[in-house]
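These protein sequence lines map, in sequence, to chains Z and A.
The first sequence begins at 544 in the numbering used here and counts up one residue at a time.
The second sequence begins at 16 in the numbering used here and counts up one residue at a time.
I have placed the structure first, in the form of structure tokens, so that the comments after it can refer back to it.
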Amino acid sequence: MKKKTLPFKNIIRKPARTAALTIIVFLMSFTLLGGTLAVMSLQRGLDSLETRLGADIIVIPDTAKSKVNLENIIFQGVPGYFYMDKSYVDKLAQVEGVEKVSAQYYLASLSAGCCSMPVQIIGYDPETDFSVTPWIKKSYGKALGELDIVIGYNVNKDVDSYITLYGLDCKVAAKLEQTGTELDNAVYANVDTVKRLIAAAKDTGINELSKKDPEKIVSSVMIKVEDGYGIDDVAGDINIYVRHVQAYPTRSMISGIADSLSGISGVIRVLIAAVWVFVFVLLCIVFAAMVNERKKEFAIYRVMGMSRAMLASMVLYEGVIISAAGALLGCAVSALGLNMFSTAIENSLNLPFLLPNMGALAICAAVTFVLSVVISAVSSFYAAVKLSRVDPGLILREGN
Amino acid sequence: MKRNNKFELTLGIIMTVLSVLLFVGILTFFAPCGPKEDGSFMKCHEMGQAVMWTACAMTLFSGVSMFVPGMIKLVCSVVTVLLSAAAAVLPNVMTTCMSEKMQCNAVTKPLVMVIACLVAVVAVAKIAVVLKNRKKNGEA
Numbered sequence: 544m545k546k547k548t549l550p551f552k553n554i555i556r557k558p559a560r561t562a563a564l565t566i567i568v569f570l571m572s573f574t575l576l577g578g579t580l581a582v583m584s585l586q587r588g589l590d591s592l593e594t595r596l597g598a599d600i601i602v603i604p605d606t607a608k609s610k611v612n613l614e615n616i617i618f619q620g621v622p623g624y625f626y627m628d629k630s631y632v633d634k635l636a637q638v639e640g641v642e643k644v645s646a647q648y649y650l651a652s653l654s655a656g657c658c659s660m661p662v663q664i665i666g667y668d669p670e671t672d673f674s675v676t677p678w679i680k681k682s683y684g685k686a687l688g689e690l691d692i693v694i695g696y697n698v699n700k701d702v703d704s705y706i707t708l709y710g711l712d713c714k715v716a717a718k719l720e721q722t723g724t725e726l727d728n729a730v731y732a733n734v735d736t737v738k739r740l741i742a743a744a745k746d747t748g749i750n751e752l753s754k755k756d757p758e759k760i761v762s763s764v765m766i767k768v769e770d771g772y773g774i775d776d777v778a779g780d781i782n783i784y785v786r787h788v789q790a791y792p793t794r795s796m797i798s799g800i801a802d803s804l805s806g807i808s809g810v811i812r813v814l815i816a817a818v819w820v821f822v823f824v825l826l827c828i829v830f831a832a833m834v835n836e837r838k839k840e841f842a843i844y845r846v847m848g849m850s851r852a853m854l855a856s857m858v859l860y861e862g863v864i865i866s867a868a869g870a871l872l873g874c875a876v877s878a879l880g881l882n883m884f885s886t887a888i889e890n891s892l893n894l895p896f897l898l899p900n901m902g903a904l905a906i907c908a909a910v911t912f913v914l915s916v917v918i919s920a921v922s923s924f925y926a927a928v929k930l931s932r933v934d935p936g937l938i939l940r941e942g943n
Numbered sequence: 016m017k018r019n020n021k022f023e024l025t026l027g028i029i030m031t032v033l034s035v036l037l038f039v040g041i042l043t044f045f046a047p048c049g050p051k052e053d054g055s056f057m058k059c060h061e062m063g064q065a066v067m068w069t070a071c072a073m074t075l076f077s078g079v080s081m082f083v084p085g086m087i088k089l090v091c092s093v094v095t096v097l098l099s100a101a102a103a104v105l106p107n108v109m110t111t112c113m114s115e116k117m118q119c120n121a122v123t124k125p126l127v128m129v130i131a132c133l134v135a136v137v138a139v140a141k142i143a144v145v146l147k148n149r150k151k152n153g154e155a
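Structure (structure tokens):
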């Protein structure tokens, strides 16, 4: 009797039992890795949104519609636009505590040359910008030319291809890194390109633009606060001293998302804990039942000369092999599934969602694998110890 | 019914159910993007049609493979493997919509790949079982 091959033979000989145990461990590792990665992705998406917004304060025209539009653009991915007079840029620069100001221009395309899906166009001024340029520099080292655009990660176009916006063919100069936010669906252009696009949009008869001169309008002003000044204080001063605009600290804008995120993360953590407790209890019961069912088989092994320790280690070995297979499968399906369906998850949650990088993912998968195997081993250990104490003679006589 | 034949039949049923799921799904709950406001189709429409017809053929061949004998059963299973591989590749080689957030890229593409790969795996398993049974029965 080959001791090493015996656990494998036992596993293969009972495919239904093996499959049932594998599925239980699969569920355990799937929920742990899936849940952990989901929580990490939500947190990473929020961090990425905060970093990508870049500014301490965003100033927009003082209408309810502007705020809803801005939140829609940033959080919901609904393209929109709103405008205010360009003179506000200089007024805001004079407010105490303001270090840098840079204007941005928003425009929603009607068609992007492929589908009827509108695309959010965000224009920035390369001379003053401090929020978009650092991101663009990572993907494109040069300055953007006229009708050159940089596309967000989710815009399905290749570099050097063209997108038609308001009848103008714009060249895709670069594609930005993924942020897991709605800003991945936007198109970025410099101020000259955006002014040409606004003029072209005006020609198409968009009501909002028909009375406005593209040279005299901006959509929002991004503000960086000087060191030593409080962001909320500066935003408060702007709201008091500059009329017809509203200043929003970016942190306060994403606090709503942070609340939803903490709620969802809490629910996921509770669910993971519940599944693990349930699966641990279930595994203990299953291993105990399995040992009970195989009592005669084990008694025969004992009669054939197998020691108690050998028998216990065989049961443990069987448990470890099955749980390793289940854990490996659970980790693989979980990681692959999250990767494939991350956009669908982001769409359904309506929250920023950015998967961890490969290193973090591999560490999480390894920890999940080890934990799942250890939990299964602990569950089978009790059954193995109980089994080693049974008298084989008594068991074999029971049948007669 | 012998145990091996039972297993072969089970694999055939799983294969057919998954093919039907792909066929029904691409027409309903994971269909690609709907038509534009002007009634014309989006770019992913052709991909959806190609997957739909491939899934239709997969359903036919996997269904037939359960009822035909010997060599034809093997041929049907091999054709199902090829068709499912094609279905898995189609969303990646055919044009889809511009934004990764749209239904065709976010939902249709991954689901088609997952289901088609599952059909391929089950079909390969079925081929292995059929070959094993033929060898056991002394068929060439």
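Each residue gets a CB set at the ideal place from its N, CA and C atoms; glycine is no exception.
When the beta-carbon positions are compared, tyrosine 624 of chain Z and serine 762 of chain Z come within less than 8 Å of each other. Across the set Z/Asp934, Z/Val730, Z/Lys634, the C-alpha of Z/Lys634 shows the shortest separation from the C-alpha of isoleucine 783 of chain Z. Between isoleucine 706 of chain Z and valine 693 of chain Z the beta-carbon gap is near 11 Å, outside 8 Å, which marks them as no contact.
Within the same chain, Gly666, Ile692 come within 6 Å of alanine 732 of chain Z by CB-CB distance, once the 5 residues on both sides are set aside. Between valine 122 of chain A and chain Z, the shortest Cβ-Cβ separation is below 8 Å.
As for any alpha helix (DSSP H) of minimum length 4 sitting wholly inside the region 608-691 of chain Z, the runs are 630-636, 676-682, ordered along the chain.
For the pair serine 931 of chain Z and alanine 855 of chain Z, the CB atoms are nearer than the 8 Å cut-off.
In this model, methionine 73 of chain A and aspartate 712 of chain Z are separated by some 42 Å (Cα to Cα).
Taken through DSSP and simplified to helix, strand or coil, cysteine 48 of chain A comes out as coil. Here aspartate 672 of chain Z is buried. Its C-beta has 16 or more other C-beta atoms within 10 Å. Note that the region 880-887 of chain Z does not touch the region 548-560 of chain Z; fewer than 3 beta-carbon pairs, one per stretch, sit closer than 8 Å. At least one C-beta of chain A is nearer than 8 Å to the C-beta of valine 698 of chain Z. Around the beta carbon of serine 795 of chain Z, fewer than 16 other beta carbons sit within 10 angstroms, so the residue counts as exposed. At a cut-off of 8 Å between beta carbons, proline 125 of chain A contacts chain Z.
Rounded to the nearest whole angstrom, the CA to CA distance from arginine 587 of chain Z to tyrosine 860 of chain Z is 39 Å. Around threonine 565 of chain Z, the same chain offers Ile865, Ala868, Gly869 as residues with beta carbons nearer than 6 Å, after the five sequence neighbours per side are excluded.
Taking a C-beta cut-off of 7 Å against chain A, the contacting residues of the region 880-891 of chain Z are Met883, Phe884, Thr886, Ala887, Asn890, listed in chain order. In the same chain as cysteine 48 of chain A, and ignoring 5 residues on each side of it, the C-beta atoms closer than 7 Å to its own belong to Met57, Cys59, Cys112, Met117, Gln118, Cys119, in chain order. If you ignore the 5 residues before and after glutamine 721 of chain Z, its C-beta comes within less than 7 Å of the C-beta of Tyr696, Asp727, Leu897, all in its own chain and listed in chain order. The CB of asparagine 728 of chain Z comes closer than 7 Å to the CB of Ser114, Lys116 in chain A, given here in chain order.
Bounds of the beta strand (DSSP E) holding methionine 765 of chain Z are 763-768.
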